[in-house]
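So the sequence shown is numbered by numbering that gives the first Met the number 0: it starts at 0 and just counts up by one.
Heads up, the thing below is written out as structure tokens.
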Amino acid sequence: MSVRRSTRLQNAKERDLTEHGPPLQAAPLSLMSSSKATANHTLGCYDILSEIFTACSHPETDYTGTSRILSQVCRDWRHHIISSPKFWTAAMISCRSGDPSHLWSRLVLERSRGLPLTLHIYVTRLAYLDTIKDLLYTCVGRVRNLIIDSEVELPPATIWRGCPFLMSEDLEFFEYRQKDGARIITERDAVHGPFTRSHLFQHALTGAPESAHLGLSTWQLRSITSLSVDYSFGTGSRIPNRDLCGILLRNMDTLQHLEIVDTAPMVGALPYPLEVTLPRLDTLIIGFKRAAAMLPLLAALRLPALTSVVLRDISRAPEPHTPRHYWGVVETGIDPKYDGGFDVLQALRAFPTITHMQVYGLRCHEPTTLFEELALESAVLVDADEVFTSLLCTLPGWAHRAPALTRSGLSVGNLAVTGTSHKNFAEFLRKRHAGSGPPMRQLALSPGCLHEEFCGRIRQRKVQDVAEDAKTRLTAALQSAQKVSFIPQPTHGVPYEPEKGIMHVLEDDIFDKGLWGMIPAVIPTGWEDSVVEADAPWPWLAEIQPWSDSMEMEW
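Following this line, the structure appears as structure tokens:
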């Protein structure tokens, strides 16, 4: 199809949208795709033809000006449609009583000639599943991508019991969308071979406790390399510990990446019935609102090859894709003694092979001995001042005894830190220099590490003193690493109040005194760039950029 024809067709469609509103969706032909879908969800000419058939089937649209174009396009593609079985490997099946589209769906499946299928099943009532079972039986062993939309609130186990013959090891992508917004996504890599399959398992718990019992024995979760369990919503229901143990044990020889995000309310931390050994797991990601909820899991895991750990207190350091993230730090008011942060860090001592650690928002009420037992190569500490203090020394009252750095404090070569205590950062630099070790490869820090006054508004009479004081630490920081850059400062203590506008820091006095020039590498992300420094937003209201070892940092 020529560019000119495509342009004229698009103009005709846009003109129709203005005059008549959006066209109706084509019943039999619609592209089943997902942001999580594998590569075989994109079926060549399917996009183009779906648009053509949608336009042609619109009963209220007069396409007299484009009918000749559509006719020519259909002639150009007719041979391809008839001769290409791959075009017919995706079907929308609606579970309605007496739905005439079942005949079309059967024709589509017959023309696919045994190729792997993508099915999108729309369920309005559970009883209507029986009306399409004969049709689904013809697909056994061929379904690779299955999407189920439910107009009724059904536990996933009920759906799976209704289509058990489709839940096989050949299934590469499964997505269940419930009416209330709950979703379960399970995916494996499209590349076939040993240890290449991965699954993303997101469980949004919004219904009764029955929805937590997924009947996982029905679903063959095997040969997984990556598993993510996300309790993003709900009233405290979770996958039973015994079921989660079963998933992990069935994949103990292949699992390499495990992510547990638990933001559901704390309802009690029950122990796991079994110890789970995962000999190939090298990455563990944990997100939580109460760190204590993760202690039973850490106690049950045996991870001899673990090298990378990510800890995130989502209530204090929200994830970048969430609205809370743009408000900075959210203080929950929970006493750190009862939050469990210290206990989580102590529990990580069971994994001495850890070399990379990222900590976001975690608090601990006393120094942990974890960093004396680990030899970290890379550390990211975002709004975790107490954890950074433990990196300096594990003894209470370290400022008076002035002992040497911890083992990890000496070994770390890549460090990113945002904090509110410039004294701790200055002590870290002093001890690194006193240790006569090589400089770090990369250092990323927030303005609060240079001076704690940068965490709020600076009084005009103190601007010059703050500038001179911060300049000394800035010089030391530049000498401590081969590459140095700055990352935005989290706004400390900003409450999460969506009904109010975002709070802007008053920075006129600061910019007038030229403090912006002290931090030339600060990039105020999330805002439009400004050529005038005085018009630029205050940097620590910007989005915190995730930092990794591979990030290029220049000064």
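Here a beta-carbon is modelled for each residue, glycine too, at the ideal position from N, C-alpha and C.
It should be emphasised that the depicted structure is a prediction, and the values quoted were computed from it without experimental measurement.
The alpha helix (DSSP H) that contains residue i, what's its start and end?
| i | result |
| --- | --- |
| ARG124 | Neither: ARG124 is in no alpha helix (DSSP H) and is coded neither H nor E. |
| LEU135 | 132-136 |
| PHE387 | 384-391 |
| VAL358 | From DSSP, VAL358 is part of no alpha helix (DSSP H) but of the beta strand (DSSP E) over 355-359. |
| LEU409 | 406-410 |
Of the residues the options, which one's Cα is nearest the Cα of residue i?
| i | options | result |
| --- | --- | --- |
| PRO335 | CYS363, ARG311 and HIS355 | CYS363 |
| VAL142 | ALA90, ARG124 and CYS448 | ALA90 |
| LEU248 | ALA316, VAL260 and LEU302 | LEU302 |
| LEU294 | SER307, LEU391, PHE424 and ALA346 | ALA346 |
| PHE453 | GLN441, ILE486 and ARG440 | ILE486 |
| LEU114 | THR137, LEU296 and VAL343 | THR137 |
| VAL343 | THR354, LEU361 and THR352 | LEU361 |
| PHE172 | HIS432, LEU145, PHE370 and GLU150 | LEU145 |
| ARG124 | VAL151, ASP261, GLY140 and ARG279 | VAL151 |
| LEU373 | ARG460, SER389 and GLY434 | SER389 |
| ASP261 | ASP468, ILE313 and ALA298 | ILE313 |
| ALA349 | SER484, THR306, ALA469 and LEU477 | THR306 |
Quick check: residue i and residue j, are their CB atoms within less than 8 Å of each other?
| i | j | result |
| --- | --- | --- |
| GLY340 | ARG311 | no |
| SER420 | LEU375 | no |
| ILE284 | THR253 | no |
| ALA415 | VAL379 | yes |
| LYS430 | ALA403 | yes |
| LEU296 | LEU277 | no |
| PRO351 | CYS392 | no |
| PRO438 | ALA475 | no |
| ALA425 | ARG472 | yes |
| ILE147 | ARG112 | no |
| LEU280 | ASN240 | no |
At the level of alpha carbons, what is the spacing between residue i and residue j?
| i | j | result |
| --- | --- | --- |
| SER104 | ILE92 | 7 Å |
| PHE387 | LEU118 | 51 Å |
| GLY408 | ALA304 | 22 Å |
| LEU30 | LYS132 | The predicted position of LEU30 is uncertain, since its pLDDT is 24 and thus under 50; a value taken from the coordinates is nonetheless stated next. C-alpha separation (whole angstroms): 22 Å. |
| ARG289 | ASP338 | 6 Å |
| SER225 | ALA316 | 24 Å |
| PRO446 | THR417 | 8 Å |
| MET356 | CYS448 | 20 Å |
| THR354 | GLN441 | 16 Å |
| ASN413 | HIS450 | 21 Å |
| TYR121 | ASP242 | 28 Å |
| GLY436 | PRO272 | 46 Å |
| VAL521 | LEU444 | For VAL521, the pLDDT reaches just 33, beneath the cut-off of 50, and the residue's location in the model is therefore unreliable, although a value from the coordinates is still provided. Each residue's Cα considered, the two are about 10 Å apart. |
| GLU371 | SER227 | 30 Å |
| ASP464 | ASN250 | 59 Å |
| LYS461 | LYS482 | 30 Å |
| VAL107 | THR88 | 7 Å |
| GLN255 | ALA292 | 23 Å |
| GLY140 | LEU170 | 8 Å |
| GLY245 | ARG406 | 37 Å |
| ASP384 | LEU257 | 26 Å |
| PHE427 | GLU274 | 38 Å |
| THR368 | SER149 | 50 Å |
| LEU135 | ARG110 | 15 Å |
| GLU470 | SER377 | Note on residue identity: the sequence assigns Lys, not Glu, to residue 470. The alpha-carbon atoms of LYS470 and SER377 are separated by roughly 26 Å. |
| THR282 | ASP468 | 40 Å |
| ASP382 | ALA466 | 23 Å |
| GLY513 | SER484 | The pLDDT assigned to GLY513 is 35, lower than 50, so where the model puts this residue is not dependable; a value taken from the coordinates is nonetheless given after this. Near 19 Å, if we compare the C-alpha coordinates of SER484 and GLY513. |
| VAL308 | LEU116 | 38 Å |
| HIS320 | ILE259 | Note on HIS320: pLDDT 46, under 50, position unreliable in the model; no value is reported. |
For the beta strand (DSSP E) containing residue i, name the first residue and the last one.
| i | result |
| --- | --- |
| ASP556 | Residue 556 is absent from the model: the chain starts at 0 and stops at 554. |
| ALA443 | 439-444 |
| LEU170 | From DSSP, LEU170 is part of no beta strand (DSSP E); its letter is neither H nor E. |
| VAL142 | 142-149 |
| PHE485 | 480-485 |
| SER377 | 377-381 |
| ALA316 | Premise fails: ALA316 is in no beta strand (DSSP E) and is neither H nor E. |
| ALA425 | It is not in any beta strand (DSSP E) - ALA425 instead sits in the alpha helix (DSSP H) that spans 421-433. |
| LEU369 | Per DSSP, LEU369 belongs to no beta strand (DSSP E); it is in the alpha helix (DSSP H), 369-372. |
| THR417 | 413-417 |
Return yes when the C-beta of residue i is under 7 Å from any heavy atom of the ligand GTP, and no when it is not.
| i | result |
| --- | --- |
| ALA433 | Inclusion of the ligand GTP in the displayed structure is not the case, the ligand content being empty and no account of it being possible. |
For residue i and chain B, any beta-carbon pair shorter than 8 Å?
| i | result |
| --- | --- |
| VAL139 | As a matter of chain content, chain B is missing from the structure shown, which is built from one protein chain. |
If you scan the segment 234-312 from start to end, which runs of the beta strand (DSSP E) of 3 or more residues do you find wholly inside it? Those beta strand (DSSP E) runs which fall completely within the segment 234-312 and span 3+ residues are 256-261, 282-287 and 307-312.
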